[in-house]
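Enquirer: Pasting a structure below so you can have a look.
In UniProt numbering, the protein residues as written are 1 to 289.
Below, the structure is given as structure tokens:
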């Protein structure tokens, strides 16, 4: 356990006028997934000042060359590593911004393109097409191996992979719980509004409720009570499963928040809940990494 890193937001808003002018070229031109539209005019943009940030590649399983967005503080060696797991829309501009926010807080953050083998999710015109053509075809086992490879790469790229955390959003929130049960070297996870229960499939055989007693590291779950896709009853089931397992993980619910409440580029963004949840996230990683 180490001292907490500063619990600051590290969020910078562009003015409404300049942001609207930038959006004149369309959301896709700015790197937001097509299926994620509409994009808010006041979406947060975190600068790269003091950071080493950008796209790179690393070798994943079977020699596959995987794309990733990495951000880390300039001049800081052995920073704790945070794996950033994309939301359902893939590795688009918002996930890159989140990665920079973690780097601005002192972490080595890396977001691998976990849909890369199946296609480019940012070009799917709507969420139904995205799910059918890409998301439903991504095996959980493949994702676990890709995250392992990203962590190994980070450890060779100046990060301290022995102080490893993982966080994910929506689709990535579910993956965060699963990865906490997969990797015995993980120190902590933060799962943002990830699905907790569901029917098993060949590619997705288990859900977080099934592995609540098998977590290798404490996970902080962040959920909105207004989320229609993840009802309160599911969250309560997961809380009960964690309690039964005597787990050090915990879930925080936000009464006024919907699904995607941290996603400041979307209409679902809820500023008050997002601010509290972000501070809780930095506190969680500051305590456990």
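Beta carbons: idealized from backbone N, C-alpha and C, even for Gly.
Computed from a predicted model, the values in this text were never measured in an experiment.
In terms of residue numbering, what span does the alpha helix (DSSP H) encompassing residue 237 cover?
Expert: Mapped onto the chain shown, residue 237 falls at position 237. Looking at the DSSP string, the run of the alpha helix (DSSP H) that includes residue 237 is 232 to 244.
Enquirer: Is the beta carbon of residue 34 less than 7 Å from the beta carbon of residue 125?
Expert: Here the question's residue 34 lines up with position 34 in the chain shown. Here the question's residue 125 lines up with position 125 in the chain shown. The answer is yes: Cβ separation under 7 Å.
Enquirer: Note the first and the last residue of the continuous beta strand (DSSP E) segment covering residue 53.
Expert: Your numbering for residue 53 matches position 53 in the chain shown. 51 to 59 is the extent of the beta strand (DSSP E) around residue 53.
Enquirer: What are the boundary residues of the alpha helix (DSSP H) that includes residue 104?
Expert: Taking the first residue of the chain shown as 1, we reach residue 104 at position 104. From DSSP, the alpha helix (DSSP H) with residue 104 extends over 93 to 104.
Enquirer: Ends of the beta strand (DSSP E) at residue 251?
Expert: Counting from 1 along the chain shown, the entry for residue 251 is found at position 251. Element bounds for residue 251: 250 to 254.
Enquirer: At what residues does the alpha helix (DSSP H) containing residue 133 begin and finish?
Expert: Position 133 of the chain shown, counted from the first residue, corresponds to residue 133. Note, residue 133: alpha helix (DSSP H), 127 to 133.
Enquirer: Quick one: what does DSSP say residue 32 is sitting in, helix, strand or coil?
Expert: Locating residue 32 in the chain shown gives position 32, where the first residue counts as 1. Three-state DSSP puts residue 32 in coil, outside helix and strand.
Enquirer: Tell me which residue opens and which closes the beta strand (DSSP E) that residue 282 is part of.
Expert: For the purposes of this step, residue 282 is taken as residue 282 along the chain shown, with counting starting at 1. From DSSP, residue 282 is part of no beta strand (DSSP E) but of the alpha helix (DSSP H) over 271 to 288.
Enquirer: Go through its chain and collect everything with a Cβ distance to residue 17's Cβ below 6 Å, but skip five positions before and after it.
Expert: On the chain shown, residue 17 is found 17 positions in, with the first residue counted as 1. The predicted model places residue 17 with a pLDDT of 24, which falls under 50 and marks its position as unreliable, so this point remains unresolved.
Enquirer: Measuring CA to CA, which of 260, 208, 229 is closest to residue 245?
Expert: The count along the chain shown starts at 1 and reaches residue 245 at position 245. Closest by alpha carbon: 208.
Enquirer: CB-CB under 6 Å to residue 60, same chain, minus the five flanking residues each way: which ones, in chain order?
Expert: What you label residue 60 is simply residue 60 of the chain shown in a count that begins at 1. Same-chain partners within the cutoff: 66, 146, 149.
Enquirer: Within the 7 Å Cβ cut-off, does residue 162 reach chain D?
Expert: Of the protein chains in the structure, only one exists, and it is not chain D.
Enquirer: Check the C-beta distance from residue 218 over to residue 288 and give it rounded, since I have them as a contact under 8 Å.
Expert: As a first step, residue 218 must be located in the chain shown, where it is residue number 218. As a first step, residue 288 must be located in the chain shown, where it is residue number 288. Confirmed, Cβ separation roughly 6 Å.
Enquirer: Please state the DSSP three-state secondary structure of residue 208.
Expert: Residue 208 sits at position 208 when you count from the first residue of the chain shown. In this structure, residue 208 counts as helix in the three-state DSSP scheme.
Enquirer: Is the stretch 83 to 103 close to the stretch 46 to 62, with three or more CB pairs under 8 Å?
Expert: yes
Enquirer: Count the other C-beta atoms from every protein chain shown that fall within 10 angstroms of the C-beta of residue 238, then say buried if there are 16 or more, exposed otherwise.
Expert: Residue numbering aside, residue 238 sits at position 238 when the chain shown is read from its first letter. So residue 238 counts as buried.
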